[in-house]
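This report concerns only the one structure given below.
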Amino acid sequence: MAGRYRLIEPLGHGGMGVVWRAVDQVLEREVAVKELREAAEMTGPDREIFMVRTLREARAAGRLSHPGVAAVYDAFEENGHPWIVLQLVRSRTLGSIIREEGALPPRRVAEIGAQVLAALRAAHAAGVLHRDVKPDNVLITDEGRAVLTDFGIAAIDGDSPLTHAGMLVGTPAFIAPERAAGTRTEWASDLWSLGVTMFVAAEGRSPFQRGRALATLAAVLHEDPGPMRHAGPLAPVINGLLVKDPACRMTAQEAARHLHNVATGRSTGPIVPAQRPAQRPGPRHAPRSGTLTEATAPTPGPLIPDTLTYRYGSPVPQASPRARRSPWNTVIGASALVTLVGLAVGALAFVTARTDAAEVPESSVGTPTVTVYATRTARPPADKSAAKPIAGPETQPKGEPGGDRRISSRR
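Numbering of the sequence shown is given in full-length UniProt numbering, commencing with residue 1 and proceeding in unit increments.
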């Protein structure tokens, strides 16, 4: 491939591509080569976006130099498909470890969480948001070190958005509420996803997975994660990261300090957050109307990360400015309330959440790859109290999205 890479064997595969173990014949070293294949239903413009987005992934990870981030070496096009050459990390995914071995001890989860958080802080300092932090995107090396990979839907400060208004992409059970509501993506959005990842690692189950994409998003927006039975001293940190209002969420600095305490066996006691500085705004191109870019590819590992694309009929307006709230220490684990943006999304998602929650066991960790196009005008259910969104700080959209709905799943 590209006159220098010789493919040896596949390491993992999914609906959008294959990751190969390969040899760089110029530098005489083993690498991981990610072959990306666009979905069959992609149109011409979507294929172009897919190609550009792939190069953006290489650019996003390529600007990072950190032991907790899988390095990107090269990117090229061959046989009509984009390819990315990555550092070969001999590892297992955290997701596969949880599925095979169950929940991990709190101190081990704290060690992994602290290492992933360090990688995220390095990415944020470079102007990069990951936006798809989850167990299947965390590699655990043979030495036990955590490495964050797959920046396929990363947002880069100063870059331009690549998808159309009204599209949300990510893994539903790990998407932060502000992203699910269609408001501006923030640095704190990655911290929420890290909190869910640590919840899954400590408890062996997902706090928000409900089987279907819209039901899961409704749980993210409206439901608490539930009690933790195995997290022990890690529970206050996880609860601090899972505050629904990003302005009241535990900061990266606070989380790093408490994760270190748990990992080293120190008694944490009640967590009292430090005075929070003014929050740095997200990237200049960050979505302001519900627009988020699509995921691109599998990560090297036994299972490939699953993603969701959600398109609704009309753009979501920019949320109005709001005054800063008090810190999250009012009650550890108390979730700030957010408004569900769009009556169609709210009605459909909330009803689906009620009907689907019993269909999927609580122990489920993985999520399917789902594409949802919503274009039919949705009507609220007869029981308006079940679907009425709780008042919150975000601006309500005017009017309702409309159109037909088609749901398809890919593995």
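Just so it is clear, CB atoms sit at the ideal spot from N, CA and C, and this is done for glycine as well.
Using C-beta distances below 7 Å, list every residue in its chain close to P207, excluding the 5 sequence neighbours before and after it, in chain order. Taking the first residue of the sequence shown as 1, we reach residue 207 at position 207. These residues qualify, in order along the chain: V196, F199, P225 and G226.
Count the other CB atoms, across all protein chains shown, that sit within 10 Å of the CB of I8; report buried if there are 16 or more and exposed otherwise. The sequence position of residue 8 within the sequence shown is 8, counting from 1. Burial call: exposed.
Do you know how far the Cα of W192 is from the Cα of V128? Locating residue 128 in the sequence shown gives position 128, counting from the first residue. Locating residue 192 in the sequence shown gives position 192, counting from the first residue. Roughly 16 Å separates the two Cα atoms.
Give the DSSP-derived three-state secondary structure of S364 in the structure shown. Sequence index remark: in the sequence shown, residue 364 carries index 364 (1-based). With a pLDDT of 44 at S364, under the threshold of 50, the predicted position of this residue should be treated as unreliable, though the coordinate-derived value follows. S364: coil per DSSP, three-state reduction.
Neighbour-count burial assignment, T251, 16 or more Cβ in a 10 Å radius: Position 251 of the sequence shown, counted from the first residue, corresponds to residue 251. Buried, because 16 or more other Cβ atoms sit within 10 Å of the Cβ of T251.
The alpha helix (DSSP H) spanning A70 covers which residue range? Position 70 of the sequence shown, counting from 1, holds the residue named residue 70. Element bounds for A70: n/a, residue is neither H nor E.
May I have the straight-line CA-CA distance separating V109 from P67, to the nearest angstrom? Numbered from 1 along the sequence shown, position 109 holds the residue referred to as residue 109. Numbered from 1 along the sequence shown, position 67 holds the residue referred to as residue 67. Computed Cα separation, rounded: 18 Å.
Cβ of S91 within 9 Å of Cβ of D24? For this step, residue 91 is matched to residue 91 along the sequence shown. For this step, residue 24 is matched to residue 24 along the sequence shown. No, Cβ-Cβ distance for S91 and D24 is not below 9 Å.
Touching or not, the segment 72-83 and the segment 21-37, by the rule of three or more beta carbon pairs under 8 Å? yes
Within the same chain, show all residues whose beta-carbon is closer than 6 Å to that of I84, passing over the 5 residues directly before and after it, in chain order. Locating residue 84 in the sequence shown gives position 84, where the first residue counts as 1. So the list reads K34, A58 and A75, once near-sequence residues are dropped.
First and last residue of the uninterrupted alpha helix (DSSP H) at E30: On the sequence shown, position 30 is the one that residue 30 refers to. From DSSP, E30 is part of no alpha helix (DSSP H) but of the beta strand (DSSP E) over R29 to L36.
Determine the closest residue to H230 out of K244, L139 and E203, with distance taken between C-alpha atoms. Numbered from its first residue, the sequence shown carries residue 230 at position 230. Here the closest residue by C-alpha is E203.
Along the alpha helix (DSSP H) that carries D190, what are the first and last residues, could you check? Your numbering for residue 190 matches position 190 in the sequence shown. That run of the alpha helix (DSSP H) goes W187 to E203.
Coil, strand or helix - D24 by DSSP: For this step, residue 24 is matched to residue 24 along the sequence shown. It is a strand residue.
Thinking C-beta only, is V69 closer than 9 Å to A122? Within the sequence shown, the letter at position 122 stands for residue 122. Within the sequence shown, the letter at position 69 stands for residue 69. Contact flag set, yes.
Do L104 and I112 have their beta-carbon atoms positioned less than 9 Å apart in this structure? Here residue 112 refers to the residue found at position 112 of the sequence shown. Here residue 104 refers to the residue found at position 104 of the sequence shown. Yes, the Cβ-Cβ distance between I112 and L104 is below 9 Å.
To the nearest angstrom, how far is the alpha carbon of H13 from that of L88? Translated into the one-based positions of the sequence shown, residue 13 becomes position 13. Translated into the one-based positions of the sequence shown, residue 88 becomes position 88. Looking at the two C-alpha atoms, the distance is approximately 15 Å.
Looking only at C-alpha atoms, which of T171, R107, H124 and E30 sits nearest to D132? Numbered from its first residue, the sequence shown carries residue 132 at position 132. Closest by alpha carbon: T171.
Distance, Cα to Cα, L259 vs I98? Along the sequence shown, one-based indexing puts residue 259 at 259. Along the sequence shown, one-based indexing puts residue 98 at 98. Taking the straight line from one Cα to the other gives about 20 Å.
Assign Q115 to one of three DSSP states: helix, strand, or coil. For the purposes of this step, residue 115 is taken as residue 115 along the sequence shown, with counting starting at 1. In the structure shown, Q115 sits in a helix (DSSP, three-state: H, G or I).
L117 and A201: beta carbons closer than 9 Å? If you number the sequence shown from 1, residue 117 lands on position 117. If you number the sequence shown from 1, residue 201 lands on position 201. No; because the gap between Cβ atoms is not below 9 Å, this pair is not in contact.
Report back the beta-carbon spacing between residue 473 and T43 to the nearest angstrom; my notes put them in contact at under 8 Å. Because the chain spans 1 through 411 in this model, residue 473 falls outside it and cannot be assessed.
Give the secondary structure of I97 by DSSP, where H, G and I count as helix, E and B as strand, and everything else as coil. As a first step, residue 97 is located in the sequence shown; it is residue number 97 there, counting from the start. Three-state result, I97: helix.
To which residues of the same chain is V72 closer than 6 Å at the C-beta, ignoring the five residues directly before and after it? For the purposes of this step, residue 72 is identified with residue 72 of the sequence shown, where counting begins at 1. Closer than 6 Å at Cβ, skipping near neighbours: A58, A61, G62 and L86.
Just to confirm my understanding: we take Q115, look at its own chain, exclude 5 residues before and 5 after, and list those with CB closer than 6 Å. What are they? Locating residue 115 in the sequence shown gives position 115, where the first residue counts as 1. Excluding positions up to five away in sequence, the list reads G68 and A146.
Residues in its own chain within less than 6 Å of G232 by CB, not counting five upstream and five downstream? Here residue 232 is taken as the residue at index 232 of the sequence shown, counted from 1. Excluding residues within five positions, the ones whose Cβ falls inside 6 Å are P106.
Identity of the residues DSSP links to H13 by a beta bridge: As a working note, residue 13 is residue 13 in the sequence shown. H13 is bridged to V18.
Nearest to R56 by alpha carbon, out of D150, P10, G144 and A2? Residue 56 sits at position 56 when you count from the first residue of the sequence shown. Measuring from the Cα of R56, the nearest candidate turns out to be D150.
Would a C-beta distance cut-off of 9 Å place V19 and L11 closer than the cut-off? Here residue 19 refers to the residue found at position 19 when the sequence shown is read from its first residue. Here residue 11 refers to the residue found at position 11 when the sequence shown is read from its first residue. Taking 9 Å as the Cβ cut-off, V19 and L11 qualify as a contacting pair.
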